[in-house]
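Residue numbers (numbering that gives the first Met the number 0), protein chains in the order written: chain A, 0 to 410; chain B, 0 to 410.
There are 2 protein chains.
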Amino acid sequence: MKIAVLGGDGFCGWPAALHLSDLGHDVVIVDNLSRRSIDEELGATSLTPIRSIEERVTAWQEVSGHRLGFAELDVAQDYDGLVALLLRERPDAVVHFAEQRAAPYSMKSPAHKRYTVDNNTNATHNVLCALVETELDAHLVHLGTMGVYGYGTAGMKIPEGYLDVEVTPEGGADGDRVSVQMLYPTNPGSIYHMTKCLDQQLFAYYAKNDALRITDLHQGIIWGTHTDQTERDERLINRFDYDGDYGTVLNRFLMQAAVGYPLTVHGTGGQTRAFIHIRDMVRCVQIALEHPPARGDRVKIFNQMTQTHRVRDLAELVARISGATVEMVPNPRHEAAENELHVTNDTFLDLGLRPTLLEEGLLVEVEEVARRYAHRADLEKIPCTSVWTKEQQPGVPASRTTRAAPAEQSA
Amino acid sequence: MKIAVLGGDGFCGWPAALHLSDLGHDVVIVDNLSRRSIDEELGATSLTPIRSIEERVTAWQEVSGHRLGFAELDVAQDYDGLVALLLRERPDAVVHFAEQRAAPYSMKSPAHKRYTVDNNTNATHNVLCALVETELDAHLVHLGTMGVYGYGTAGMKIPEGYLDVEVTPEGGADGDRVSVQMLYPTNPGSIYHMTKCLDQQLFAYYAKNDALRITDLHQGIIWGTHTDQTERDERLINRFDYDGDYGTVLNRFLMQAAVGYPLTVHGTGGQTRAFIHIRDMVRCVQIALEHPPARGDRVKIFNQMTQTHRVRDLAELVARISGATVEMVPNPRHEAAENELHVTNDTFLDLGLRPTLLEEGLLVEVEEVARRYAHRADLEKIPCTSVWTKEQQPGVPASRTTRAAPAEQSA
Ligand SMILES: NC(=O)c1ccc[n+]([C@@H]2O[C@H](COP(=O)([O-])OP(=O)(O)OC[C@H]3O[C@@H](n4cnc5c(N)ncnc54)[C@H](O)[C@@H]3O)[C@@H](O)[C@H]2O)c1
Ligand SMILES: NC(=O)c1ccc[n+]([C@@H]2O[C@H](COP(=O)([O-])OP(=O)(O)OC[C@H]3O[C@@H](n4cnc5c(N)ncnc54)[C@H](O)[C@@H]3O)[C@@H](O)[C@H]2O)c1
């Protein structure tokens, strides 16, 4: 298959591109390298020494013999460039990772909120619009997040995208129930997560009106760094973010453990989150590509996660492995202190996914990533300094009322 | 009250601004005049001779003694200008009409789709972001549309925004039902309508995270041209769109009747739509402003419509009044041929709205608007030339399959 990987220079996109290339697919990476510019903006770089995209592509060709295409292109801003690229490459599938993906970054300031909404909405809409215009009938696989949902609190098991509801038609008797299927309702916990709710609406519309074939992967928080492909040469190494904006909770713990700092848990640590190892992520993307919806089908939605954990249990697990201590700090997020989370993930398990469990893979991460590259870390970058509301800004009296947000589960 | 009316030079915004000013409120209009540029792009102008915004403002001061502020500003593009304006004017309320609002226009081409998504999403998000940044605690009243919904087909009565659903928690017995309240699910019929679904998500998020006070008015199709205020002087006259893009179904019929053309009904005319007279619209906006939600409340959603009609019944009504004939033409939209539509509109009726009924007001429109200004019409602009899918383009064979969209009810 010819596959375009949008955002293929990023943390998920790069190992996914290598995995697909390794399987023999013809892969072209499309990325505007904005994530690298954000590294510069934040003064924080990947813990692991990632190479330029040019060096990565060359190294992969040397190591594997497979050619990777690369186009530097802003999917949100350069629509004409995107259309030209699609017409030139004529991909059978497009995997779309090209969005701003950090919740704390999306909450930093009005400019960051606006950038996240503008970039993510226009990136997704441009891809959809271009697929219609070019009439390629390519299968679009998008990376969404489990964090679009917030009804974990009601104790309900989150289905794969849709909910069946029974309604009584106007004027009907109570027995006259009609079954209606709807998108499972969202309740996003940050501007970033909200953009994924907007994406969902865009997908539903284009699948209905234009019969685009779309799969939306509602992904849990990724952990782990290496895949079989990125391990083959240090020039292929994947990024590892540990800063307060991009570092997801587990990576921050690993980093803290590696340098002998206490693990900082936000609030009570009672938030439950969904996780998946990076090796499983690349397998899931492969499986999704091998099972496209038919033209005219509704959007396929899969929950792409393998385990759920409470944040404080995670901290204890890392502490046990590494000997670190645990410290509670105020939560910068506006969310419920404790939440339950039950998720359906039958599709990928049925299609053959064999999950890497946290208990097995964690030690490798501490030893081979966090400790190995600890000398490169800027420890001041570990704390999260973004806050969710005006009231949480340093020096704001706690008098104004805002409603507590229901649970939110993600990066 | 100090009220900022975004999009206050438009078809709804102008009469709403005058009505609020007439009530004694201090009104400032904010508009980038994009609707007038679109008139030029389409080579179609308002049937009625609308004046420049400067002349309108001057005329209103002469006629009423009330000053109207005006700021030319792009709400979607000029965020800093918007923040400066809010800080200067410090409005108690913001009424937000500033979006691209024509479904056929939004479907004309990839560029029109992209403009509509970009303009509407960023306009709404900028307003929300600026209200948080400026900490004004102004009440935001937004004009949404009934066209976000598509479950009319299930025969269900559309509630005012929310749906109660009973769910069984994970591991619970069948008796353990938990009641969850969610946004009533959407099923938009065009890119334009879809942007209003995106707006809904933005509102829900900002009400929850930042406790903004927001009312979203899900409006039916407006009919009628004059209000008590716009009638006071011809320089205050409101716009009347009759072209295939912006002219809503009733206006196109009126225009056709006025010039002795057959009334062109799309498809079987079995589509049911919700309507409201322009005088009732300005009253509803007033009522909404007088009943703001409290800080921390969820978004208030009202259905702002007074009657539903099948398109073919409307055509027959206009034909009966005017003596015109009715002609069926192919439907450019991708939608079900026939749909039912039942809508709850208790809130406004309970708050004192006395609807103007179609049967009463139509004749005035034919006589005093369509016939009176018929000499200004460019009759070639009446047909709708936008189509909803590639398959509907002239010369495309009808072989490729697209799924029939469920019912869609709007302009
Ligand atoms: N990392 C996680 O734990 C996680 C969890 C759930 C979902 N996801 C989703 O997976 C996707 C990839 O996440 P990631 O962790 O690899 O993030 P990342 O920031 O490392 O990678 C995103 C890539 O997209 C590129 N990009 C962004 N905007 C672009 C644009 N307009 N045009 C072209 N390229 C653009 C960036 O330069 C970057 O290389 C995201 O959509 C994210 O929401 C990630
Ligand atoms: N007319 C109807 O039948 C109807 C029905 C349902 C809902 N609505 C909603 O009511 C609102 C107003 O509709 P209308 O019929 O008055 O449309 P309109 O096009 O006549 O008015 C919209 C006004 O907003 C301005 N505008 C657009 N984008 C802007 C931006 N980025 N910055 C500043 N100004 C901007 C335009 O110049 C125009 O004056 C829309 O949001 C529409 O969706 C209208």
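Where is the CB? At the ideal position from N, CA and C, for every residue including glycine.
Cβ of residue i within 8 Å of any chain A Cβ
i: Q200(B); result: yes
i: T400(B); result: Only weak support is given to the placement of T400(B): the predicted model assigns it a pLDDT of 33, under 50, and the question is left unresolved by the model.
i: L182(B); result: yes
i: M155(B); result: yes
i: P393(B); result: no
i: L17(B); result: no
i: M145(B); result: no
Test: residue i CB closer than 8 Å to a CB of chain B
i: L135(A); result: no
i: G12(A); result: no
i: K299(A); result: no
i: L357(A); result: no
i: P187(A); result: yes
i: T120(A); result: yes
i: C128(A); result: yes
CB of residue i within 8 Å of CB of residue j, strictly
i: T355(B); j: R278(B); result: yes
i: M0(B); j: H18(B); result: no
i: I190(B); j: V248(B); result: no
i: L253(A); j: V365(A); result: yes
i: A314(B); j: V328(B); result: no
i: L211(B); j: V131(B); result: yes
i: L316(A); j: L357(A); result: yes
i: A203(B); j: H138(B); result: no
i: E54(A); j: R234(A); result: yes
i: R34(B); j: D73(B); result: no
i: T305(B); j: I275(B); result: yes
i: F69(A); j: G12(A); result: no
i: A15(B); j: V258(B); result: no
i: L216(A); j: Q303(A); result: yes
i: L352(A); j: T271(A); result: no
i: G266(A); j: N330(A); result: yes
Cβ-heavy atom distance, residue i to ligand 1, below 7 Å
i: N121(B); result: no
i: C383(B); result: no
i: S33(A); result: yes
i: I28(A); result: no
i: N118(A); result: yes
i: T144(A); result: yes
i: F239(B); result: no
i: G6(A); result: yes
Residue i beta carbon near ligand 2 (any heavy atom closer than 7 Å)
i: A75(B); result: yes
i: A83(A); result: no
i: T247(B); result: yes
i: F252(B); result: no
i: Q270(B); result: no
Contact set for residue i: own chain, Cβ-Cβ below 7 Å, skip 5 residues either direction
i: T120(B); result: T194 and L197
i: H225(A); result: N237
i: Q392(B); result: V386
i: S105(A); result: Q99, H111, K112, T115, S189, I190 and Y191
Element boundaries [alpha helix (DSSP H), containing residue i]
i: A129(A); result: P109 to T133
i: W59(B); result: I52 to S63
i: N208(A); result: I190 to D209
i: E165(A); result: Where E165(A) is concerned, there is no enclosing alpha helix (DSSP H), although the beta strand (DSSP E) it sits in stretches over Y161 to V166.
8 Å CB neighbourhood of residue i in its chain, flanking five on each side removed
i: T133(B); result: V82, L85 and L86
i: R399(A); result: Residue placement at R399(A) is flagged as unreliable, the pLDDT there being 35, under the threshold of 50; the coordinate-derived value follows with that caveat. The answer, listed in chain order, is K389 and E390.
i: E88(B); result: K1, A3, V27 and G68
i: A58(B); result: R50, D232, R234 and L235
Where the beta strand (DSSP E) containing residue i begins and where it ends
i: M327(A); result: V325 to V328
i: H265(A); result: L262 to H265
i: W387(A); result: Where W387(A) is concerned, there is no enclosing beta strand (DSSP E), given that its DSSP letter is neither H nor E.
i: M145(B); result: No beta strand (DSSP E) holds M145(B); DSSP gives it neither H nor E.
i: Q99(B); result: Unbroken run through Q99(B): none, as it is neither H nor E.
i: I2(B); result: K1 to L5
Any non-hydrogen atom of ligand 4 closer than 7 Å to residue i Cβ
i: E98(B); result: No copy of ligand 4 appears in this structure; the ligands present are ligand 1 and ligand 2.
Contact list for residue i against chain D, beta-carbon separation under 7 Å
i: H124(B); result: Looking for chain D here will not work: the only protein chains present are A and B.
Own chain residues within Cβ distance below 6 Å of residue i, not counting five before or after
i: Y205(A); result: L127 and L211
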